[in-house]
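Q:
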């Protein structure tokens, strides 16, 4: 469900599909391809993803058309290992060294780790493709990416950006992602500027201060943080500290190089800081953090759901408020066959608020979300297993 | 308490002392130093630290003599901000901009953050001093550092290395540190090698494999991880992959560049990989992770203690076993005035085990610790407040 009633262009994109992963017979050589085709079997995965574009919707559109294909491809590359409880040291299944299984066991490598690795590699691959595609068509922009994959009894949620996924279960709420913003990744970003000062081209300071410094501050000791600090210290202000900070602003206003509100995502290969030659991409990461939820370890109830949404929802509603809405809506609408999609609409409408005069307001008279809002509600009960 | 019965040289060092932090009157200029001296007041901190040396005890000795001085110095530099609930934007207390307090509030900066920042800076300062001292005296080696500071109602535990601190409270155990080893910091270390391949001088591969690869593996697809992966994938083995891995081995055997078992600590400025020109120091970090425990938020009972110990203890006893020993020992020895130091001895002896033939064994007939073992037991009840 997407709502872009208030902004000129909708930059959110959504995708969902079934992913069929071709299973190769173990022990077959590449040149026995015809045998593989004869004995093909498929593993099935279920995929949902949200992409929040910036600088135009193009990157989000390519990602929504392409990321599932990258995931399929990366899973097929390792499928021989996924079907074993312990992936073999060699994908071919051959044992070069008698103690191979022991090494895999010692390192605690499970089939699940191959799926996580495939998702990490798929995001990187998709980012490269977007870069090529955007360059070829002379387009710009980027997007965040939040992807959920249900595969062989486990839910994998891969996130790069500031969208969020939570499981709303009967008795508790399980966060399935964390946000990557210039604020949450300040130390990583400052460290890179420390290692490669040229990336700032003399235009930015890597230090963080509580506010932008002014001429009057020079010579005084003011609060600051460097890349290695979680705490704060005081430093004597020099002229160079008056430059614009690499990470600046607070909360939703925090910006990387004064330009971007997220620190991970896909695209943005051509993005430069306005009126400069400074590239933003070196500070961005396309690598997701993957969280795994194993259904075998939980007793899933009928109204348990996965909620995925872009920041348009989470800017105005916290996890707890969303969970309350989910539980009360599903309790009140037990028989409606479309209750899960109705719930998604309900969540979008709550975050969009009501128009009062020129302003959109929430029920509690706080300001409503001005951003695009996209929500998936995915029921977890009665999963088809293959 | 230190036990080095089984090793030729004891490389553990311990330190504890009171730290007096000179408090300056706010608003005084540096040239009014005589006024400051007249009106001097002191804040008191209590300090305990353990240092586990490697490549000789020298770095650990310097650190045990010097780290508390660095901490005192760094705290005095920011003491004007520490005595306020909200540190002022300017250490002088002057308000250059009316909204300064608001910016400090928005960034959630508290006095506690200045103590954390002072500890982070103190470790870095101490590392530099050790580097200069060791170079001047032509000595080598390094050490881990675990430091606890009780200051103004809060306990700060700063850790760089594989020592550990836990709070054993009546009803639960609170971890106050986490370990930094080549395994826990694999991604940081691999990422640095990705950014600066020259650091490996063509002698190491940055990829992780379940075991060291052999000629027979070339051309095959084997399990691997790169810097951006928490999961695993398969890669086709090339000749370059046969090189020794940057991070290799599992558990206590894991080594950085085949050389070091820890990835954070002080010293090691001159350390090179044997028979090469490859420096280890760029991969090491001297920055501690600081954990804070606020006594105002907890009801501390009479037998609640902080346990600090080097890896010699934790290699053979887990948190739970240590907590059990702590609780039963203190319950059985309620009147002994030296019961806390007796408990420390008891923990050391448990980890050292009993000599049976040529082997030292634990009670449960597992192998005992062969490393140096140092333990602090610090009672938390009846703290003097200043």
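Protein chains in written order, with full-length UniProt numbering: chain S, 1 to 386; chain F, 1 to 386. Think of the CB as a built atom: it goes at the ideal place given N, C-alpha and C, for glycine as much as any other residue.
Quick check: what's the CA-CA separation for residue 249 of chain S versus residue 107 of chain F?
A: 9 Å
Q: Leaving out the 5 sequence neighbours to the left and right, which residues in its chain are closer than 7 Å to residue 255 of chain F when beta-carbon positions are compared?
A: 182, 248, 249 and 261
Q: Would the beta-carbon of residue 15 of chain F fall within 7 Å of that of residue 143 of chain F?
A: No, these two residues do not count as a Cβ contact at 7 Å.
Q: Does the Cβ-Cβ distance between residue 145 of chain F and residue 266 of chain F come in under 7 Å?
A: yes
Q: Decide if residue 386 of chain S is buried, meaning its Cβ has at least 16 other Cβ atoms within 10 Å, or exposed.
A: Any reading at residue 386 of chain S needs caution, since the residue's pLDDT is 44, under 50, leaving its predicted position unreliable; the model's value is listed next. So residue 386 of chain S counts as exposed.
Q: Note down, in chain order, all residues in the segment 155 to 183 of chain F with a beta-carbon under 9 Å from any beta-carbon belonging to chain S.
A: none
Q: From F:176, F:378, F:121 and F:149, pick the residue whose C-alpha is nearest to that of residue 342 of chain F; which is it?
A: For residue 342 of chain F, the nearest C-alpha among the options comes from F:378.
Q: So with CB distances below 7 Å, who are the chain F contacts of residue 291 of chain S?
A: Within chain F, no residue comes near residue 291 of chain S; the closest Cβ sits about 10 Å away, beyond 7 Å.
Q: Along chain S, in chain order, which residues have C-beta atoms closer than 9 Å to that of residue 92 of chain F?
A: The answer, in chain order, is 220 and 221.
Q: Output yes or no for whether 7 Å exceeds the beta carbon distance between residue 317 of chain F and residue 351 of chain F.
A: yes
Q: Does any CB atom of chain F fall closer than 7 Å to the CB of residue 356 of chain S?
A: The beta-carbon of residue 356 of chain S is placed no less than 7 Å from the nearest beta-carbon of chain F.
Q: Is there a C-beta anywhere in chain F that falls below 7 Å from the one on residue 287 of chain S?
A: yes
Q: I want to verify the contact list: residues of chain F whose CB lies under 7 Å from the CB of residue 262 of chain S, in sequence order.
A: Within 7 Å Cβ-Cβ: nothing; residue 262 of chain S doesn't reach chain F, min ~17 Å.
Q: Using C-beta distances below 7 Å, list every residue in its chain close to residue 258 of chain S, excluding the 5 sequence neighbours before and after it, in chain order.
A: 244, 248 and 273
Q: Can you tell which of S:310, S:375 and S:224 has the C-alpha that lies nearest to the C-alpha of residue 236 of chain S?
A: S:224
Q: Fully enclosed by the segment 102 to 169 of chain S, which alpha helix (DSSP H) runs are 4 residues long or longer?
A: 111 to 136
Q: Residue 86 of chain S versus chain F: which residues are under 7 Å apart at the beta carbon?
A: Per Cβ cutoff of 7 Å: no residues; residue 86 of chain S is ~10 Å from chain F at best.
Q: How big is the Cα-Cα spacing for residue 109 of chain S and residue 186 of chain S?
A: In a straight line, the C-alpha of residue 109 of chain S is about 31 Å away from that of residue 186 of chain S.
Q: Looking at the C-beta of residue 386 of chain F, does it have a partner C-beta in chain S at a distance below 7 Å?
A: Residue placement at residue 386 of chain F is flagged as unreliable, the pLDDT there being 44, under the threshold of 50; a coordinate-derived value is accordingly withheld.
Q: Does the segment 113 to 122 of chain F touch the segment 76 to 85 of chain F, meaning 3 or more C-beta pairs lie closer than 8 Å?
A: Yes: at least three Cβ pairs fall under 8 Å.
Q: Taking 8 Å as the threshold, find out whether the segment 168 to 178 of chain S comes into contact with the segment 279 to 294 of chain S through three or more Cβ pairs.
A: yes
Q: With a cut-off of 8 Å on the beta carbons, I'd call residue 139 of chain F and residue 215 of chain F a contact; round off their distance for me.
A: Contact flag wrong, Cβ pair sits at about 41 Å.
Q: Give every residue of the same chain whose Cβ lies closer than 8 Å to the Cβ of residue 263 of chain S, excluding the five residues on either side of it in the sequence, and list them in chain order.
A: 180, 181, 182, 184, 185, 188, 189, 256, 283, 284 and 285
Q: What does residue 211 of chain S touch in chain C if you count any residue whose Cβ is under 8 Å from its own?
A: The question asks about chain C, but that chain is absent: this structure's protein chains are S and F.
Q: If we count Cβ pairs, one from each stretch, closer than 8 Å, do we get three or more for the segment 63 to 77 of chain S versus the segment 42 to 54 of chain S?
A: yes
Q: Of the residues that make up the segment 232 to 253 of chain S, which ones have a beta carbon closer than 7 Å to any beta carbon in chain F?
A: 232, 233, 234 and 250
Q: Please name the residue in S:152, S:93, S:41 and S:162 whose C-alpha comes closest to that of residue 221 of chain F.
A: S:93
Q: Comparing C-alpha positions only, which one of F:98, F:126, F:121 and F:361 sits nearest to residue 65 of chain F?
A: Ranked by Cα distance from residue 65 of chain F, the first of F:98, F:126, F:121 and F:361 is F:126.
Q: Any beta-carbon of chain S closer than 7 Å to the one on residue 375 of chain F?
A: no
Q: Are residue 310 of chain F and residue 98 of chain F closer than 7 Å when you measure CB to CB?
A: Cβ distance not < 7 Å, so residue 310 of chain F and residue 98 of chain F don't count as in contact.
Q: Would you say residue 246 of chain S and residue 206 of chain S are within 7 Å of each other, going by their C-beta atoms?
A: yes
Q: With C-beta atoms as the reference, is residue 170 of chain F less than 7 Å away from residue 23 of chain F?
A: Cβ distance not < 7 Å, so residue 170 of chain F and residue 23 of chain F don't count as in contact.
Q: Just the Cα atoms here: how many angstroms apart are residue 381 of chain S and residue 303 of chain S?
A: Each residue's CA atom was taken as its position, placing residue 381 of chain S and residue 303 of chain S some 7 Å apart.
Q: According to DSSP, is residue 281 of chain S helix, strand or coil?
A: helix
Q: Does residue 130 of chain F come within less than 7 Å of chain S when only Cβ atoms are used?
A: So no, residue 130 of chain F is outside the interface.
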